[in-house]
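Enquirer: Encoded as structure tokens, here's the structure I'll be asking about.
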Amino acid sequence: MTGHIDPNSPLIPAQEMVLPTLQGDGKRRWINPVLSTGKYWKRRRLLAYGLIAFFVTLPHLRYAGKPLVLLDIVSREFTFLGHTFYPTDSGLLLLLMLTVFFSIMFLTAVGGRLWCGWGCPQTVYLEFLFRPIDRMFSGTIGKGGKPRGTLNAALRVGRFAVYLACCMFLAHTFLSYFVGTDRLAQWMRLSPWQHPSAFGVMAGATIGLMYNFMFFREQLCMVACPYGRFQSVMLDRKSLIVTYDIHRGEPRHKGKATGPSAGDCIDCGHCMSVCPTGIDIRNGLQMECIHCTQCIDACDAIMHRIDKPAGLIRYSSQDALEGKKHSWVRPRTLIYPLLVLVTSTLFLALLTTKFAFDARVLSSPGAPYAINSARMLQNNFRVRLRNRTEKTETYAIRMLGPASASVQWSDEAPTLKPNESKLVPIMITAPVGMTAANHGKIEAEVQITDQTGNERKISVMLLGPG
1453 MTGHIDPNSP
1463 LIPAQEMVLP
1473 TLQGDGKRRW
1483 INPVLSTGKY
1493 WKRRRLLAYG
1503 LIAFFVTLPH
1513 LRYAGKPLVL
1523 LDIVSREFTF
1533 LGHTFYPTDS
1543 GLLLLLMLTV
1553 FFSIMFLTAV
1563 GGRLWCGWGC
1573 PQTVYLEFLF
1583 RPIDRMFSGT
1593 IGKGGKPRGT
1603 LNAALRVGRF
1613 AVYLACCMFL
1623 AHTFLSYFVG
1633 TDRLAQWMRL
1643 SPWQHPSAFG
1653 VMAGATIGLM
1663 YNFMFFREQL
1673 CMVACPYGRF
1683 QSVMLDRKSL
1693 IVTYDIHRGE
1703 PRHKGKATGP
1713 SAGDCIDCGH
1723 CMSVCPTGID
1733 IRNGLQMECI
1743 HCTQCIDACD
1753 AIMHRIDKPA
1763 GLIRYSSQDA
1773 LEGKKHSWVR
1783 PRTLIYPLLV
1793 LVTSTLFLAL
1803 LTTKFAFDAR
1813 VLSSPGAPYA
1823 INSARMLQNN
1833 FRVRLRNRTE
1843 KTETYAIRML
1853 GPASASVQWS
1863 DEAPTLKPNE
1873 SKLVPIMITA
1883 PVGMTAANHG
1893 KIEAEVQITD
1903 QTGNERKISV
1913 MLLGPG
């Protein structure tokens, strides 16, 4: 695992394996895992193809006339399940993110790295799209392992072309989540010079995907992804993990040995040959293990051949392997779902009471106040209106207090189309002496209503002579 180093080399050999993908002399160790098509692999393949179909289909689905998911960063609009969120909905977005975050923590506390091995896009696409492409061109389809010799130029070009087509398709699908499928379809029919920014994003995503799946591969999980490092704080000794039963397997031996001193592990190395990250699961819980269950399928097949019971490598917990009582109920499995319940309840409560329109008062440039020819104090403001509904609305404004003040739109009553935002000036007038007794300022309250009867009350500070 550490590789061979020339004794005359100035390099100092590593005392232990630094990374499964790194030789002792610092060169890349390419991992070509053997394929073990057991029960877990079949389930993972079914789920993987379902997730790929879901990822490709989701941008095309509509609810209430809107995409199910649209992350329009340019317009600062984020649509989820028919609801559009704007920058003013930062509280809602925060609650949504916290709900997802606590859900992942709960899933990890209960099931270990189920996400990494079963649902992560890196694992799904690498193991069930790009590695099968490699096996098709290397002549190891359905088996895996090291390629049968070096690929000739034609096969290398063919493999590169298939990779490029897949990555371009994924990049376009990825882009559709941010611009929508309708706009993407329009851009695809136009010249890249007519939409250079979007084309640059697509090209950059394609290049990134090509680099990842052709070169970086499993190193993303071990070097770049922080999730494996977080597992030390999200897992405990009762969390479900893929683990080797050391009490049953040791001492290891070669061949079908019997007797009380012989463990069930025959040291065949099959669990290592199928591992997509190149580790030895028998060394215990490791950050590089993504819980893909390939070692379980491989070991069960070997146990079946030598007439031993399956499960030498299995889903279990560290406490269960030591004979301790396993319990699903413990502090973190109670706290995490409670946090999920709290954040999701707050999110739904705020979502159901969300206003039909937003109204936010901004100060106007220039002098803070003026006194007109009628000896009335005049304050000018601007109101940022946003129509959240799916129909055109016209808005009215009136003064709630003080009674001696009045408010009006500086122009005609504003009319906004669905999801339109507009900056509308307003003018508030009041007697000149109103602010004199309050150090030159007094609080006022205005009300804005739409045609449906929805209303927003806004406080403003009137300034004047003090």
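Quick note, in the working numbering, the sequence shown goes up one by one and the last residue is 1918.
The beta-carbon is built from N, C-alpha and C at its ideal position, and this holds for glycine as well.
What you are looking at is a predicted structure, and each value in this text was computed from that prediction instead of being measured.
Reducing DSSP to helix, strand and coil, say where L1603 ends up.
Expert: As a working mapping, residue 1603 is identified with position 151 in the sequence shown. It is coil, neither helix nor strand.
Enquirer: If Y1577 sits next to F1668, beta carbons under 8 Å apart, how far is it from one beta carbon to the other, in whole angstroms?
Expert: Here residue 1577 refers to the residue found at position 125 of the sequence shown. Here residue 1668 refers to the residue found at position 216 of the sequence shown. The Cβ separation is near 13 Å, so there is no contact.
Enquirer: The alpha helix (DSSP H) spanning G1652 covers which residue range?
Expert: Taking the sequence shown and counting its residues from 1, the one referred to as residue 1652 is at position 200. P1648 to Y1663 is the extent of the alpha helix (DSSP H) around G1652.
Enquirer: Where K1869 and R1836 are concerned, what is the direct C-alpha to C-alpha distance, given to the nearest angstrom?
Expert: Here residue 1869 corresponds to residue number 417 of the sequence shown, with the count starting at 1. Here residue 1836 corresponds to residue number 384 of the sequence shown, with the count starting at 1. Rounded to the nearest angstrom, the two C-alpha atoms are 14 Å apart.
Enquirer: Just the C-alpha distance for C1568 and I1742, rounded to the nearest angstrom, thanks.
Expert: On the sequence shown, residue 1568 is found 116 positions in, with the first residue counted as 1. On the sequence shown, residue 1742 is found 290 positions in, with the first residue counted as 1. Each residue's alpha carbon lies about 5 Å from the other.
Enquirer: Among all the DSSP beta bridges, which residues are the ones paired with E1670?
Expert: Start at 1 with the first residue of the sequence shown, and residue 1670 comes out as number 218. Partner(s): none; E1670 has no beta bridge.
Enquirer: Within this structure, are the beta carbons of V1726 and A1750 separated by less than 7 Å?
Expert: Residue 1726 sits at position 274 when you count from the first residue of the sequence shown. Residue 1750 sits at position 298 when you count from the first residue of the sequence shown. Yes, the pair counts as a contact, with Cβ atoms nearer than the cut-off.
Enquirer: Taking the beta strand (DSSP E) that Y1847 belongs to, which residues open and close that run?
Expert: Along the sequence shown, read from residue 1 onward, the residue named residue 1847 stands at position 395. First-last for Y1847: undefined, no H or E at that position.
Enquirer: Indicate the three-state DSSP secondary structure (helix, strand or coil) for I1718 in the structure shown.
Expert: Stepping through the sequence shown from its first residue, residue 1718 is reached at position 266. I1718: coil per DSSP, three-state reduction.
Enquirer: Between which residues of its own chain and R1838 is the CB-CB distance below 7 Å, once the five residues before and five after are set aside?
Expert: The count along the sequence shown starts at 1 and reaches residue 1838 at position 386. Result list for R1838: Y1538, F1809, D1810 and S1873, in chain order.
Enquirer: Quick check on the burial criterion: 16 or more other C-beta atoms within 10 angstroms. Buried or exposed for T1797?
Expert: To locate residue 1797, count along the sequence shown from 1; it is residue 345. Exposed is the call here.
Enquirer: Mind checking which residues open and close the beta strand (DSSP E) that includes T1729?
Expert: Position 277 of the sequence shown holds residue 1729. Neither: T1729 is in no beta strand (DSSP E) and is coded neither H nor E.
Enquirer: Can you list, in chain order, the residues of its chain with a C-beta nearer than 7 Å to that of F1589? Leave out the 5 residues immediately preceding and following it.
Expert: Residue numbering aside, residue 1589 sits at position 137 when the sequence shown is read from its first letter. Taken in chain order, the residues that qualify are L1603, L1607, G1610 and R1611.
Enquirer: Compare the C-alpha of G1818 against each of R1565, N1832, K1806 and D1719 and name the closest.
Expert: Translated into positions along the sequence shown, residue 1818 becomes position 366. Of the candidates R1565, N1832, K1806 and D1719, the one whose C-alpha sits nearest the C-alpha of G1818 is N1832.
Enquirer: Rounded to the nearest angstrom, what separates M1654 and T1729 at their Cα positions?
Expert: Against the sequence shown, residue 1654 aligns to sequence position 202. Against the sequence shown, residue 1729 aligns to sequence position 277. Approximately 29 Å, taken between the alpha carbons.
Enquirer: In angstroms, rounded to a whole number, what distance separates the CA positions of F1807 and S1769?
Expert: Numbered from its first residue, the sequence shown carries residue 1807 at position 355. Numbered from its first residue, the sequence shown carries residue 1769 at position 317. The straight-line gap from Cα to Cα measures roughly 48 Å.
Enquirer: Quick check: the Cα distance between R1497 and H1722, rounded to an integer number of angstroms?
Expert: Translated into positions along the sequence shown, residue 1497 becomes position 45. Translated into positions along the sequence shown, residue 1722 becomes position 270. Each residue's Cα considered, the two are about 20 Å apart.
Enquirer: My understanding is that K1690 touches R1782, with C-beta atoms under 8 Å, so please give their C-beta distance in whole angstroms.
Expert: By one-based count along the sequence shown, residue 1690 stands at place 238. By one-based count along the sequence shown, residue 1782 stands at place 330. K1690 to R1782, Cβ: 6 Å. Contact.
Enquirer: I want to know whether the region 1839 to 1851 touches the region 1888 to 1895 - three or more CB-CB distances under 8 Å.
Expert: The region 1839 to 1851 makes no contact with the region 1888 to 1895; the number of CB pairs closer than 8 Å stays below 3.
Enquirer: Just how far apart, CA to CA, sit G1601 and L1803?
Expert: Taking the first residue of the sequence shown as 1, we reach residue 1601 at position 149. Taking the first residue of the sequence shown as 1, we reach residue 1803 at position 351. Computed Cα separation, rounded: 59 Å.
Enquirer: What are the boundary residues of the alpha helix (DSSP H) that includes W1493?
Expert: Stepping through the sequence shown from its first residue, residue 1493 is reached at position 41. Run containing W1493: K1491 to T1509, per the alpha helix (DSSP H) assignment.
Enquirer: Which one of I1880, S1856 and K1843 has the shortest CA to CA distance from Q1903?
Expert: For this step, residue 1903 is matched to residue 451 along the sequence shown. Checking every option, the nearest Cα to that of Q1903 belongs to K1843.
Enquirer: How many whole angstroms separate the CB atoms of L1499 and W1570, which I take to be in contact at a CB cut-off of 8 Å?
Expert: The count along the sequence shown starts at 1 and reaches residue 1499 at position 47. The count along the sequence shown starts at 1 and reaches residue 1570 at position 118. So it is a contact: roughly 6 Å between Cβ atoms.
Enquirer: By Cβ distance below 8 Å, which residues in the same chain neighbour Y1515 in space, the five residues on each side in sequence not counted?
Expert: Against the sequence shown, residue 1515 aligns to sequence position 63. For Y1515, where only same-chain residues beyond five positions count, the Cβ hits under 8 Å are L1533 and G1534.
Enquirer: Counting along the chain, where does the alpha helix (DSSP H) carrying L1548 start and finish?
Expert: Numbered from its first residue, the sequence shown carries residue 1548 at position 96. Judged by DSSP secondary structure, L1548 falls within the alpha helix (DSSP H) whose first and last residues are S1542 to G1563.
Enquirer: Between T1846, E1845 and R1840, which has its C-alpha nearest N1871's C-alpha?
Expert: Counting from 1 along the sequence shown, the entry for residue 1871 is found at position 419. If we check each option's Cα against that of N1871, R1840 comes out closest.
Enquirer: Out of P1917, L1661 and V1792, point me to the one whose CA is closest to M1549's CA.
Expert: On the sequence shown, position 97 is the one that residue 1549 refers to. Looking from the CA of M1549, the closest CA among P1917, L1661 and V1792 belongs to V1792.
Enquirer: Apart from the five residues on each side of it in sequence, which residues of its chain come closer than 7 Å, Cβ to Cβ, to W1861?
Expert: On the sequence shown, position 409 is the one that residue 1861 refers to. I1849, V1876 and I1878, listed in sequence order.
Enquirer: Would you mind stating whether G1564 and I1693 have Cβ atoms separated by less than 7 Å?
Expert: Against the sequence shown, residue 1564 aligns to sequence position 112. Against the sequence shown, residue 1693 aligns to sequence position 241. Contact flag set, yes.
Enquirer: Given this structure, state the Cα-to-Cα distance separating M1640 from I1585, to the nearest angstrom.
Expert: Along the sequence shown, one-based indexing puts residue 1640 at 188. Along the sequence shown, one-based indexing puts residue 1585 at 133. If I take the Cα positions, the gap works out to 26 Å.
Enquirer: Where G1763 and G1701 are concerned, what is the direct C-alpha to C-alpha distance, given to the nearest angstrom?
Expert: On the sequence shown, position 311 is the one that residue 1763 refers to. On the sequence shown, position 249 is the one that residue 1701 refers to. Roughly 10 Å separates the two Cα atoms.
Enquirer: DSSP on M1739, reduced to helix/strand/coil?
Expert: Mapped onto the sequence shown, residue 1739 falls at position 287. Looking at M1739 - three-state DSSP - the assignment turns out to be coil, as it is neither helix nor strand.
Enquirer: Buried or exposed: which applies to M1557, given that a residue is buried once 16 or more other Cβ atoms fall within 10 Å of its Cβ?
Expert: Counting from one through the sequence shown, the residue named residue 1557 turns up at place 105. Counting Cβ neighbours within 10 Å, M1557 comes out buried, since at least 16 surround it.
Enquirer: Does the distance from the CB of F1799 to the CB of L1547 come in under 7 Å?
Expert: Counting from one through the sequence shown, the residue named residue 1799 turns up at place 347. Counting from one through the sequence shown, the residue named residue 1547 turns up at place 95. For F1799 and L1547, yes; Cβs fall inside 7 Å.
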